[in-house]
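Asks:
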Amino acid sequence: MTDLSRLLRRSIVAISAGAVISLAAGSALAQDRVGDFALLDQDGTYHNMSWYDNNKAIALFTQVNGDATSLASIAQIEKLRAQYEEQGIVFMMLNPLGQSRESVKASLGDDLTVPVLIDDAQIVAEALNIQKSGEVILYNPSSFRVMYRGPAGDALNEAMSAVVAGGLDAPVELAVNGSQIEYPARDSNMTAGVSYSKDVAPVLIQHCADCHRDGGIAPFALDSHAMAQGWSPMIREVLMTKRMPPAQVDPHIGEFSNSYNVPFEDQQKILHWIAQGAPRDGEQDPLAMIEWPETEWAFGEPDLIIDLPPQEIPATGVLDYINVVVPIQGLTEDRWLKASQYIPSDRTVLHHTLNALIEPGQRPKPGLIGSFTHPDQPYITPYIPGAEPYIEDPDTGGLLKAGTTLALNMHYTTNGRASVDQGRIGLWFYGEDEIPTQRKLGECACIFANDWTDIPPHDPNFAQVKSVKVGYDAYLTGFHPHMHFRGKSMVFEAHYPDGRVEQLLNIARYNYDWQVEYKLVEPKFVPAGTEIVVTGVFDNSEQNKANPDPDRLVPWGEQSWDEMFFGQVYWKAADPSVLDQLRERFEARSAGFAAN
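Read in order, the letters of the sequence shown correspond to residues -30 to -1, 1 to 566 in mature numbering (1 follows the signal peptide of the UniProt record, and there is no 0).
1) Can you tell which of T375, A388, G368, I425 has its C-alpha closest to the C-alpha of E404?
2) Among the candidates P263, L376, L370, D81, whose CA atom is the shortest distance from the CA of K308?
3) Is the number of C-beta pairs between the region 70 to 80 and the region 32 to 49 that are closer than 8 angstroms three or more?
4) Let's see if you can read the secondary structure: which residues bound the alpha helix (DSSP H) around T39?
5) Quick check: the region 348 to 364 against the region 308 to 326, are there 3 or more CB pairs under 8 angstroms?
6) Let's test the definition: count the other Cβ atoms within 10 Å of the Cβ of D550 and tell me whether it reaches 16, buried, or not, exposed.
7) Just to confirm before moving on: does the CB-CB distance between R156 and E96 stay below 8 angstroms?
8) Looking at L320 and Y382, is the spacing between their C-beta atoms short of 8 angstroms?
9) Between the C-alpha atoms of Q473 and A188, what's the straight-line distance to the nearest angstrom?
10) Between which two residues does the beta strand (DSSP E) holding H321 run?
11) For L397, which residues in the same chain have their Cβ closer than 8 angstroms to its Cβ, ignoring the five residues on either side in sequence?
12) Compute the Euclidean distance between the alpha carbons of M453 and M534, then round it to the nearest angstrom.
13) Using DSSP with H/G/I as helix, E/B as strand and the rest coil, what is I(-10)?
14) Given the structure, does E55 come close to the ligand HEM, in the sense that its CB is under 7 angstroms from one of the ligand's heavy atoms?
15) Answer yes or no: do A372 and D290 have a C-beta to C-beta separation smaller than 8 angstroms?
16) Measure the C-alpha to C-alpha separation of residue 568 and Q238 and round it to an integer number of angstroms.
17) Residues bridged to V438 by DSSP?
18) Pop quiz: V504 and A415 are said to be a contact at Cβ under 8 angstroms. What is the actual Cβ separation, rounded to whole angstroms?
19) L50 and N127 - do their beta-carbons sit closer together than 8 angstroms?
20) Tell me, please, whether the region 240 to 248 touches the region 204 to 219 by the rule of three or more beta-carbon pairs shorter than 8 angstroms.
21) On the DSSP bridge assignment, give the partners of D277 in chain order.
22) For K494, which three-state DSSP category applies?
23) Can you tell me whether F190 is helix, strand or coil according to DSSP?
24) Taking its Cβ as the centre, do 16 or more other Cβ atoms sit within 10 Å of M259, making it buried, or is it exposed?
25) Given a cut-off of 8 angstroms on the beta-carbon distance, is the pair A478 and D220 in contact?
26) DSSP state of residue 568, grouped into three classes?
27) Pick from A135, E362, P215, D90: whose alpha carbon is nearest that of L490?
28) Which one or two residues does DSSP pair with G412 in a beta bridge?
29) The alpha helix (DSSP H) with T447 in it runs from where to where?
30) Go ahead and pull the three-state DSSP assignment for Y553.
31) Going along the chain, which residues of its own chain have a beta-carbon closer than 7 angstroms to the beta-carbon of D255, five neighbours each way excluded?
32) Rounded to whole angstroms, what's the CA-CA distance from D468 to P497? Just pull it up for me.
33) Please report how far the alpha carbon of P348 lies from the alpha carbon of F399, in whole angstroms.
34) For F234, report the span of its alpha helix (DSSP H) as first-last.
35) Here's a check: name, in chain order, each residue in its chain whose Cβ is nearer than 7 angstroms to the Cβ of L552, leaving out the five neighbours to either side.
36) Going by C-alpha to C-alpha distance, which of A558, L446, S165, A52 sits closest to G252?
Here it is as structure tokens:
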């Protein structure tokens, strides 16, 4: 046993029970093995502790605005970083109160050089059992265990020395001077108890059950208390790491109707219920009482169904993209389209589709899919990971002309068994006398092969930037990102003509499995000349567990092991007369295609 270990063991024994909190007590969530977790920092950057598992420890300095020990920590952090950062210790601060990003930055000033993880729901700080503002946690990102908790100073320095030299013999816990950290949600929920039937089941129904059900796209069904209780350790893990619900975005940037974020209060209730053993109460089980519609169609039986030709998918191998042209049959007159839904017969092999409409008298042109369209053309939803049925905003739609042909570009992946996928697309129209006055417009901030910059091997934060300019007053309605396995984050910003910059959407944890169109709750006005700047960050390091090959210089390419960058922006024209100008431009451009 080392001298340090003897000293620290004696210190632990000597500290009174009232001055120190056990790693396994004081909170129903706290334990020696805390588990993996993730938080966003003061800039909205996502930090998942397991991503740092090539390091020996993460040092988390507790930060509270206006607290003297928090301010004093900055100088201590810089001194320790100079000594230990290159030896495998990562330095961060943790705000356990969920204080605002602006206030954290203002409190710490310009000297701050480390991320401050902001615990909006207090679930991570509670799991770590942080009690005082002056606490420092040494956390192992491989075992997810706390190795040291105590003050900054000589003991922390010695503990870090031991960690980089090979590890501590036992967890170390020392008394800390500082202001007490309060957990009002924990105290309330653990004292009064959390009701499964009143508190937890409604949250699971709202945020989880639609996918986690028989016939859903998720791997198990949350259709009873028994299933929720049985899967409760997994539910805790995915909430703590922000892996589920899927496709969630930074809750502090913009307001989206499909952000998938679980409110902080609901997260607390679920985790405290799990900590209590996930008990059942009430005579009836709300999860078992859910009745799902017998049809998969979201808006009732469609007015028209497009049956796609079957695609035979082999068990193994790499498949080229498949191009399919399907005449839209059964449409005898032009109709204004209101909603659409793509249902594949085998979701396990279809990754995504792109589509374009070829109107009567037109002929398909290479590159038309995903490029410009007539402003009056309807939007027929493609299939994307996490696809939802699509319905237009009120008084918005496009004209689907009789005799139109649908061109699809289909990306399939093999999954170890042969399959046949035959998709269907349902269409819903406005009434015969209804003509919507607004159109869904937009443009893509896309990087293609001709201006792509290859991603260097082992680069964990390679950024590429593309922008689109809105040429007229408009209302932004939504955003759609697309990258592949190395995609890490994507941010959309508005650069206004007066010089102001506003962040519109922060996809802090991009996930290739979930690429949805994020729809603004309220359309956002942008004046003519506004530039929408999209920044995509790629992680080509071995720490990216989805990375096919971190040794590779990654080019642009259609297959998933290559990369792409699409930052689609959707908007509506503020002045309807703009549509006439767009129609003229379309006709002129179409004439140019015909001439060539």
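Just so you know, even glycine gets a beta-carbon here, dropped at the ideal spot from N, CA and C.
All values derive from a computational prediction rather than experimental measurement.
Replies: To lay it out plainly:
1) Taking the sequence shown and counting its residues from 1, the one referred to as residue 404 is at position 434. The residue with the shortest Cα to Cα distance from E404 is G368.
2) Indexing the sequence shown from 1 puts residue 308 at position 338. With distances taken between Cα atoms, K308 lies closest to L370.
3) yes
4) Taking the sequence shown and counting its residues from 1, one reaches residue 39 at position 69. Counting along the chain, the alpha helix (DSSP H) containing T39 begins and ends at 38 to 54.
5) yes
6) Working through the sequence shown from its first residue, we reach residue 550 at position 580. Exposed, since its Cβ has fewer than 16 Cβ neighbours within 10 Å.
7) Locating residue 156 in the sequence shown gives position 186, counting from the first residue. Locating residue 96 in the sequence shown gives position 126, counting from the first residue. For R156 and E96, yes; Cβs fall inside 8 angstroms.
8) For the purposes of this step, residue 382 is taken as the residue at position 412 of the sequence shown. For the purposes of this step, residue 320 is taken as the residue at position 350 of the sequence shown. Closer than 8 angstroms, so yes.
9) Position 503 of the sequence shown, counting from 1, holds the residue named residue 473. Position 218 of the sequence shown, counting from 1, holds the residue named residue 188. Rounded to whole angstroms, Q473 to A188 spans 32 angstroms at the Cα level.
10) As a first step, residue 321 must be located in the sequence shown, where it is residue number 351. Element bounds for H321: 320 to 328.
11) Walking along the sequence shown from the start, residue 397 turns up at place 427. So the qualifying residues of the chain are P272, D273, L274, I275, I276, L307, A309, S310, I350, L370.
12) Within the sequence shown, numbered from 1, the residue matching residue 453 stands at position 483. Within the sequence shown, numbered from 1, the residue matching residue 534 stands at position 564. Rounded to whole angstroms, M453 to M534 spans 5 angstroms at the Cα level.
13) Numbered from 1 along the sequence shown, position 21 holds the residue referred to as residue -10. Any reading at I(-10) must be qualified, since the residue scores a pLDDT of 29, below 50, and its modelled position is unreliable; the value itself is stated next. If DSSP states are grouped into helix, strand and coil, I(-10) belongs with coil.
14) Absence of the ligand HEM from the depicted structure is noted, as is the absence of any ligand whatsoever, leaving it without description.
15) Locating residue 372 in the sequence shown gives position 402, where the first residue counts as 1. Locating residue 290 in the sequence shown gives position 320, where the first residue counts as 1. In this structure, D290 does not lie closer than 8 angstroms to A372 by Cβ.
16) The structure shown does not extend to residue 568, since the chain spans only -30 to 566, so no value can be given for it.
17) Walking along the sequence shown from the start, residue 438 turns up at place 468. Answer by DSSP bridge pairing, in chain order: I502.
18) Translated into the one-based positions of the sequence shown, residue 504 becomes position 534. Translated into the one-based positions of the sequence shown, residue 415 becomes position 445. That belief holds up - the Cβ atoms of V504 and A415 are roughly 4 angstroms apart, short of 8 angstroms.
19) By 1-based counting over the sequence shown, the position of residue 127 is 157. By 1-based counting over the sequence shown, the position of residue 50 is 80. Yes, Cβ-Cβ distance for N127 and L50 is below 8 angstroms.
20) yes
21) Locating residue 277 in the sequence shown gives position 307, counting from the first residue. R394.
22) By one-based count along the sequence shown, residue 494 stands at place 524. The answer is strand: DSSP assigns K494 an E or B state.
23) Taking the first residue of the sequence shown as 1, we reach residue 190 at position 220. Coil.
24) One-based indexing of the sequence shown puts residue 259 at position 289. So M259 ends up on the exposed side.
25) In the sequence shown, the residue the question calls residue 478 occupies position 508. In the sequence shown, the residue the question calls residue 220 occupies position 250. Yes; because the gap between Cβ atoms is below 8 angstroms, this pair is in contact.
26) Because the chain is modelled from -30 through 566, residue 568 falls outside the range shown and cannot be assessed.
27) Position 520 of the sequence shown, counted from the first residue, corresponds to residue 490. Closest by alpha carbon: E362.
28) By one-based count along the sequence shown, residue 412 stands at place 442. For G412, which the question treats as bridged, DSSP gives the partners Y540.
29) On the sequence shown, position 477 is the one that residue 447 refers to. Careful: T447 lies outside any alpha helix (DSSP H), inside the beta strand (DSSP E) at 444 to 452.
30) Numbered from its first residue, the sequence shown carries residue 553 at position 583. Before going on, a small fix: residue 553 reads as Arg here, not Tyr. In this structure, R553 counts as helix in the three-state DSSP scheme.
31) Taking the first residue of the sequence shown as 1, we reach residue 255 at position 285. Closer than 7 angstroms at the Cβ level, and outside the excluded window around D255, lie S194, H195.
32) Sequence index remark: in the sequence shown, residue 468 carries index 498 (1-based). Sequence index remark: in the sequence shown, residue 497 carries index 527 (1-based). Cα to Cα, the separation comes out at about 10 angstroms.
33) Residue mapping note: residue 348 aligns to position 378 of the sequence shown, counting from 1. Residue mapping note: residue 399 aligns to position 429 of the sequence shown, counting from 1. Near 10 angstroms, if we compare the C-alpha coordinates of F399 and P348.
34) As a position in the sequence shown, residue 234 is number 264, starting the count at 1. That run of the alpha helix (DSSP H) goes 234 to 245.
35) Mapped onto the sequence shown, residue 552 falls at position 582. Excluding positions up to five away in sequence, the list reads P345.
36) In the sequence shown, residue 252 corresponds to position 282, counting from 1. Looking at the Cα atoms, S165 is the closest of the given residues.
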